[in-house]
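Those letters in the sequence shown? Residues 1 to 41, per full-length UniProt numbering, in order. Structure first, commentary second.
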Amino acid sequence: MLVGWGGNNGSTLTAAVLANRLRLTWPTRTGRKEANYYGSL
């Protein structure tokens with residue numbers, strides 16, 4: 001399960017999990033956006 005965790009996909013998955021766990025939000029021109037897992041698929 002942990003094979004490949006240190007590569008590019010592993011870092012993307014780790015960032016997605018952390019962003020969702022911390023419920024990160026950021027401002028955009030169209031309003032605030034929330035973290036979700038769609039960007040890592």
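Built from N, CA and C at the ideal position, the CB exists for glycine as well. Since we're looking at a predicted model, the values are computed, not measured.
**Message:** In the DSSP output, which residue or residues are listed as bridge partners for Thr14?
**Reply:** Within the sequence shown, numbered from 1, the residue matching residue 14 stands at position 14. According to DSSP, Thr14 bridges with nothing at all.
**Asked** Since Ala16 and Leu24 are thought to touch, with beta carbons under 8 Å apart, how far apart are those beta carbons, to the nearest angstrom?
**Response** Taking the sequence shown and counting its residues from 1, the one referred to as residue 16 is at position 16. Taking the sequence shown and counting its residues from 1, the one referred to as residue 24 is at position 24. Contact flag wrong, Cβ pair sits at about 10 Å.
**Request:** Report the three-state DSSP secondary structure of Arg21 (helix, strand or coil).
**Result:** Against the sequence shown, residue 21 aligns to sequence position 21. If DSSP states are grouped into helix, strand and coil, Arg21 belongs with the helices.
**Message:** On the DSSP bridge list, what partners appear for Gly6?
**Reply:** Here the question's residue 6 lines up with position 6 in the sequence shown. Answer by DSSP bridge pairing: none, since Gly6 is not bridged.
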